[in-house]
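Chemist:
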Amino acid sequence: MTTSSHSPIKTEARRIDGVSIRYAESDARDVSAILLSPWQESLFTFEQMWSRLAEHAHLVAIDLPVQIITGDHDPGVLPVNSDYLHKQLPHSKSVKINAGHFAWADAADEYTTQIIDWWSGGYERV
C-alpha cells in the first residue's frame with residue numbers, strides 16, 4: 026500500500042522490550058480509540074477515515090508482532106490461509122500444529138506451549 030506525503034497519518038516508532046513498535050497518534054480528545062489492523066502497512070488502512078475519526082477521538086493505531094497458530098488439518102480454514110497471512114504480515118510467526126479447526130482443544134499442550142513461548146520473548150524473534 027502506498028501513501029501520499031500529504032497523509033494525515035504521521036508514524037513514529039518506540040522500542041518496548043527490545044521490539045520496535047510502529048504507531049501513529051492524533052491530537053488529544055476527551056475520548057480515545059485504539060485502531061488495530063493486522064495487515065502489512067496496517068496503520069495506513071485507516072488513511073481515508075483518519076481525519077474524520079480524529080475530529081471525534083484521540084486515535085492511536087499500532088502495528089504489533091503477530092503469531093499465527095493453525096491446525097494442519099483444519100477442514101474449515103485451510104492451512105494455506107495461514108501461509109498467505111504470514112507472507113502479508115511483516116512481523117509474524119506461523120506455526121502449524123497437529124490439530125483441526127479447534128486447535129486449542131485438539132492439541133491443548135502444543136497450543137499452550139506456543140503461546141507461552143510467544144509471551145516469553147518469541148515475539149522478539151520475528
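Numbering (this note's numbering), first residue to last: 26 to 151. Note that the Cβ used here is the ideal one computed from N, Cα and C, for glycine as well. This one's a predicted model, so the numbers in the text were calculated from it and none came from an experiment.
Take P90 and list the residues in its own chain whose beta-carbon comes closer than 6 Å to its own, dropping the five residues that flank it on each side.
Modeler: The residue you call residue 90 lines up with position 65 of the sequence shown. If we look at P90 and ignore the five residues flanking it on each side, its Cβ neighbours are H116, Y148 and V151.
Chemist: Indicate the three-state DSSP secondary structure (helix, strand or coil) for G147 in the structure shown.
Modeler: Residue mapping note: residue 147 aligns to position 122 of the sequence shown, counting from 1. If DSSP states are grouped into helix, strand and coil, G147 belongs with the helices.
Chemist: Please report the Cβ distance between I34 and E80, rounded to the nearest whole angstrom; I am assuming they are in contact, meaning their Cβ atoms lie under 8 Å.
Modeler: Reading the sequence shown from its first residue, position 9 is the one you call residue 34. Reading the sequence shown from its first residue, position 55 is the one you call residue 80. Contact flag wrong, Cβ pair sits at about 15 Å.
Chemist: Count the other C-beta atoms from every protein chain shown that fall within 10 angstroms of the C-beta of W144, then say buried if there are 16 or more, exposed otherwise.
Modeler: Stepping through the sequence shown from its first residue, residue 144 is reached at position 119. Counting Cβ neighbours within 10 Å, W144 comes out exposed, since fewer than 16 surround it.
Chemist: Using the C-alpha atoms, what's the distance from Y48 back to R40?
Modeler: Looking up residue 40 in the sequence shown gives position 15. Looking up residue 48 in the sequence shown gives position 23. In a straight line, the C-alpha of R40 is about 11 Å away from that of Y48.
Chemist: With a threshold of 8 Å, are at least 3 pairs of Cβ atoms found where one atom belongs to the segment 103-115 and the other to the segment 126-138?
Modeler: no
Chemist: My guess is that L84 and A53 are in contact by the Cβ rule of under 8 Å, so how many angstroms apart are they, rounded?
Modeler: Taking the first residue of the sequence shown as position 1, residue 84 is located at position 59. Taking the first residue of the sequence shown as position 1, residue 53 is located at position 28. About 10 Å; that fails the 8 Å criterion.
Chemist: List the whole-angstrom C-beta distance separating I93 from S107, where the pair is believed to meet the contact cut-off of C-beta under 8 Å.
Modeler: One-based indexing of the sequence shown puts residue 93 at position 68. One-based indexing of the sequence shown puts residue 107 at position 82. That pair is a contact at about 5 Å.
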